[in-house]
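Count the sequence shown with full-length UniProt numbering and you get residues 1 to 510, in order.
Don't be surprised by glycine CBs; every beta carbon is placed ideally from N, CA and C.
Remember, it's a predicted structure, so these values are computed and weren't measured experimentally.
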Amino acid sequence: RLAQNVLESKMNLNFLKILVVDEADKTSQMTEFQDLLLKLPRQQRQNLIFSATIDQNSKFLQQISSKFQFVNVDQGDFVVPTNLKCWFLEVPIEQKLFLLYKFIQQNDKKLIVFTLTCNYSKFIFENFSKLTSKKLFYLHGKQTSQQQLKNYQGFLDSTNGILITTDIAARGLDVDQLGQVIQLDPPKCLETFIHRVGRTARNGRFGEAGVFLTKNEVGVVQILKNKGMAINSISRDDLFSKQCEFEDMDWLEAEYDSMQIGQLKKQLKRQHQQIELLKKKNVTQQMIDKQFAKVLTEMNARLEVLLKEESKAFLVQQKVFDHGFTAQLRKFQIEDRAMLDLAQSAFTSYVNAYNEYQLKILLNLHNVKLGPLAMSMGMLVLPNVAELKQFYLNFKKYEGDLNDIKYLDGQKEADRQKRMAKKLAENQKAENQAQEAQNGDNDEKADENLLLIENQKTEKPLQKEKPNKKEFQVDRINARLFGKEKELFQLLKNGDIDDEEFEKQLERLL
């Protein structure tokens, strides 16, 4: 807005003496700000640049002035004030939402909760508002400026309100008496971490900032420590002093890899098939054992371990599904289709956001247990998105009919019924057209048969042309070869033969 006013007006900036840039690491990346700099006089101007994460070798600082005095008030990249306590809690991803709810229930301070996406923050707000009497607000980039201002002001005016938000609130907000910040997930860019925690412990006040991390995400902590941030691990006993109305979620995580199990089973099947072939060729058992015994023992031992993890994974799945907290979230979606839609969009946006992490070696979507995550959100079904097709999901879906779930909003439900009726009519029309086309084909065939009968009454029957004997034999051979090739391809696809055996069999055919 400032750039627009300066660039489109005849404002005289020749007498500008001081330029102050806050959040310089972010501001310097804005195209509008770069355009604004070109309009400003360079002579006799003092530049005051402030940022928690900008580097003294930044190109932006060189652009502002070739001669500047860099004052570093801290000794690390991510140093936090001594009055700010930073901690992390290692927690399975399917327990994050529940533990956040439990934390909110026992919290009596003003709190900001950072989430990955707009839809996910709205999902938490809408569900938690139905579960708790705490005063909740939410703020994200998809709201209108009027909604943002209203919600933010409501949070400021509250005594111990809770703001569910995204990184839109990571910078520039100075909330009086903000006691705590919770990050449900690490930010997409680690530099944003320092800005998130910097919302509390301002102006000499004491504050706390925590983050929930899965086992695969904990590696982020060492990177933060290497950059100078003091952050320590805490236990659940340290964090939770009270019980909430739902039972605890305390069980082991299951490291379950269905792909490995499938591959091992196929390999074992091939090994046993080879053994059977050798037996038919009268190979001695001693020779067979010498070749296969060690391999089979190792593979069976590995498979046994994986199958135990598989059963543990199914136990985790069932516990997540049956837990009182997730059962309540499912109930909200069954009662109102709007909550079902919100859960679908929240989950999809979360998956997309997680896939955009810069630090993919630690924050990789392939390491996320998406099925248990979806069940922890009370989801009835998984969204039909391409990203999910490459994962084993371990998800237990709702067994009812989704079409029976209605919107509580009467107008929305009426519109949905109209859409369903229209779709049903279109499907019926298409079915009728297909049936008519089929009937038309049958009528044409009947006419042809009738004409043939009439011709037979007056003319000699048509003699079929005898096929050429040599051509007939070649066709039969080609058909047989094609069938054999097809069988070989199927065996290769199923893993019953390997590439070498496939090539051998194919050469024999040809």
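Option in the options with minimal Cα separation from residue i
{"i": "Val20", "options": "Lys10, Asn14 and Ser51", "result": "Ser51"}
{"i": "Phe15", "options": "Met30, Pro41 and Leu36", "result": "Pro41"}
{"i": "Asn107", "options": "Gly161, Tyr120, Phe125 and Glu247", "result": "Gly161"}
{"i": "Leu402", "options": "Leu382, Ser376 and Thr166", "result": "Leu382"}
{"i": "Ile275", "options": "Lys265, Asp289, Lys266 and Leu264", "result": "Asp289"}
{"i": "Glu23", "options": "Gln105, Asp409 and Arg196", "result": "Arg196"}
{"i": "Met375", "options": "Ala414, Glu399, Ala327 and Asn384", "result": "Ala327"}
{"i": "Leu190", "options": "Gln390, Asp167 and Phe240", "result": "Asp167"}
{"i": "Leu363", "options": "Asp415, Val218 and Ile231", "result": "Val218"}
{"i": "Glu208", "options": "Gln177, Lys188 and Arg236", "result": "Gln177"}
{"i": "Lys308", "options": "Asn119, Ile261, Gln222 and Asn427", "result": "Ile261"}
{"i": "Thr348", "options": "Leu365, Lys130 and Leu424", "result": "Leu365"}
{"i": "Val385", "options": "Trp87, Lys227, Ala346 and Cys118", "result": "Ala346"}
{"i": "Ile231", "options": "Asn427, Gln271, Trp87 and Val283", "result": "Trp87"}
{"i": "Glu126", "options": "Val91, Asp341, Met30 and Lys188", "result": "Asp341"}
{"i": "Val181", "options": "Ala430, Phe212 and Glu387", "result": "Phe212"}
{"i": "Ser241", "options": "Gly324, Ile361, Gln105 and Tyr350", "result": "Gln105"}
{"i": "Asn367", "options": "Asn216, Ser158, Lys429 and Val320", "result": "Asn216"}
Residue burial classification, residue i (beta-carbon count within 10 angstroms, cutoff 16)
{"i": "Lys418", "result": "exposed"}
{"i": "Asn394", "result": "buried"}
{"i": "Asp25", "result": "buried"}
{"i": "Gln344", "result": "buried"}
{"i": "Ala170", "result": "buried"}
{"i": "Asn300", "result": "exposed"}
{"i": "Ser133", "result": "exposed"}
{"i": "Thr82", "result": "exposed"}
{"i": "Phe206", "result": "exposed"}
{"i": "Asp336", "result": "buried"}
{"i": "Lys10", "result": "exposed"}
{"i": "Val305", "result": "exposed"}
{"i": "Lys369", "result": "buried"}
{"i": "Gln95", "result": "buried"}
{"i": "Val91", "result": "buried"}
{"i": "Val320", "result": "buried"}
{"i": "Ala434", "result": "exposed"}
Cβ separation of residue i and residue j, assumed to be a contact under 8 Å, to the nearest whole Å
{"i": "Gln46", "j": "Phe114", "result": "Their Cβ separation, rounded to whole angstroms, is 35 Å, which puts Gln46 and Phe114 out of contact at 8 Å."}
{"i": "Tyr101", "j": "Phe128", "result": "6 Å"}
{"i": "Gly179", "j": "Leu111", "result": "7 Å"}
{"i": "Ile164", "j": "Ile124", "result": "5 Å"}
{"i": "Phe103", "j": "Phe246", "result": "About 13 Å; that fails the 8 Å criterion."}
{"i": "Lys406", "j": "Glu413", "result": "5 Å"}
{"i": "Ile93", "j": "Leu373", "result": "5 Å"}
{"i": "Asp35", "j": "Leu7", "result": "6 Å"}
{"i": "Leu116", "j": "Thr200", "result": "Their Cβ separation, rounded to whole angstroms, is 20 Å, which puts Leu116 and Thr200 out of contact at 8 Å."}
{"i": "Gln271", "j": "Phe292", "result": "6 Å"}
{"i": "Leu380", "j": "Lys396", "result": "Contact flag wrong, Cβ pair sits at about 10 Å."}
{"i": "Ser158", "j": "Lys135", "result": "5 Å"}
{"i": "His323", "j": "Met249", "result": "6 Å"}
Residue i to residue j span [Cα, whole Å]
{"i": "Ile234", "j": "Gln333", "result": "34 Å"}
{"i": "Leu224", "j": "Phe155", "result": "30 Å"}
{"i": "residue 529", "j": "Asn352", "result": "The first residue shown for the chain is 1 and the last is 510, placing residue 529 beyond what the model contains."}
{"i": "Arg302", "j": "Thr214", "result": "26 Å"}
{"i": "residue 511", "j": "Arg330", "result": "In the structure as shown, the chain begins at 1 and stops at 510. Residue 511 is therefore absent and cannot be evaluated."}
{"i": "Leu89", "j": "Pro186", "result": "12 Å"}
{"i": "Gln148", "j": "Lys142", "result": "9 Å"}
{"i": "Leu139", "j": "Val316", "result": "33 Å"}
{"i": "Gly400", "j": "Met420", "result": "18 Å"}
{"i": "Lys294", "j": "Gln286", "result": "13 Å"}
{"i": "Pro461", "j": "Asn432", "result": "Only weak support exists for where Pro461 lies, its pLDDT of 44 falling under 50; the value from the coordinates is given anyway. So the alpha carbons of these two residues sit roughly 39 Å apart."}
{"i": "Val175", "j": "Leu131", "result": "26 Å"}
{"i": "Ile18", "j": "Tyr152", "result": "31 Å"}
{"i": "Gly172", "j": "Thr192", "result": "12 Å"}
{"i": "residue 563", "j": "Thr27", "result": "Because the chain is modelled from 1 through 510, residue 563 falls outside the range shown and cannot be assessed."}
{"i": "Arg236", "j": "Gln243", "result": "12 Å"}
{"i": "Gln273", "j": "Glu310", "result": "26 Å"}
{"i": "Lys389", "j": "Thr297", "result": "33 Å"}
{"i": "Gln358", "j": "Gln438", "result": "56 Å"}
{"i": "Leu37", "j": "Met229", "result": "33 Å"}
{"i": "Lys122", "j": "Ala425", "result": "35 Å"}
{"i": "Thr31", "j": "Gln263", "result": "51 Å"}
{"i": "Cys118", "j": "Lys265", "result": "43 Å"}
{"i": "Glu459", "j": "Gly440", "result": "Legend: pLDDT at Glu459 = 45, less than 50; position of this residue unreliable, value from coordinates given subsequently. Computed Cα separation, rounded: 28 Å."}
{"i": "Ala338", "j": "Ile361", "result": "36 Å"}
Residue i: CB within 7 Å of a non-hydrogen atom of the ligand SAH
{"i": "Val197", "result": "With respect to small molecules bound, the structure shown includes none, and the ligand SAH cannot be examined in it."}
With a floor of 3 residues, list each beta strand (DSSP E) that falls wholly inside the region 81-113, ordered by position along the chain. Entirely contained in the region 81-113, the beta strand (DSSP E) runs reaching 3 residues are, in chain order, 84-90.
Would you list, in sequence order, the uninterrupted alpha helix (DSSP H) runs of no fewer than 4 residues that lie entirely inside the region 220-272? 236-239
May I have a chain-ordered list of the alpha helix (DSSP H) segments no shorter than 4 residues that lie completely inside the region 170-213? 191-197
Can you list the alpha helix (DSSP H) stretches of 4 or more residues lying completely in the region 347-397, in chain order? 370-376
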